[in-house]
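A short write-up of the structure that comes next.
Shown next as structure tokens:
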């Protein structure tokens, strides 16, 4: 969670100082064990934490799905409706076309 907090803090500083935006924090969430990164896509934010991929809807403030990959996950990128998630031993392709029902399409040992 420290990484996300640091990245978000840097974003706030840049947004307010350089771009002139005014940003306020509406709510915070806790309980994550080892948050690595997050990725905004469409109307949802995908968050990696320990073994899990969370789908979060910021407009409702609700986590709408969780996918446990069974291994430590490190990074995520999304192209179209497919998320590429890098774990310790595997690369996962995940269908995120419906963020309330994520599905692993395939995995590749690396």
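In this note's numbering, the protein residues as written are 4 to 113. All C-beta atoms, glycine included, are put in the ideal place defined by N, C-alpha and C.
- In this chain, the beta strand (DSSP E) harbouring residue 60 covers 55-60.
- Collapsing the DSSP output to three states places residue 82 in a strand.
- Cβ atoms of residue 97 and residue 44 stay farther apart than 8 Å, at about 11 Å.
- At a Cβ-Cβ threshold of 8 Å, residue 113 and residue 95 do not count as neighbours.
- Within the DSSP bridge table, the entry for residue 71 names 55 as partners.
- Per the coordinates, the alpha-carbon of residue 99 lies some 24 Å from the alpha-carbon of residue 31.
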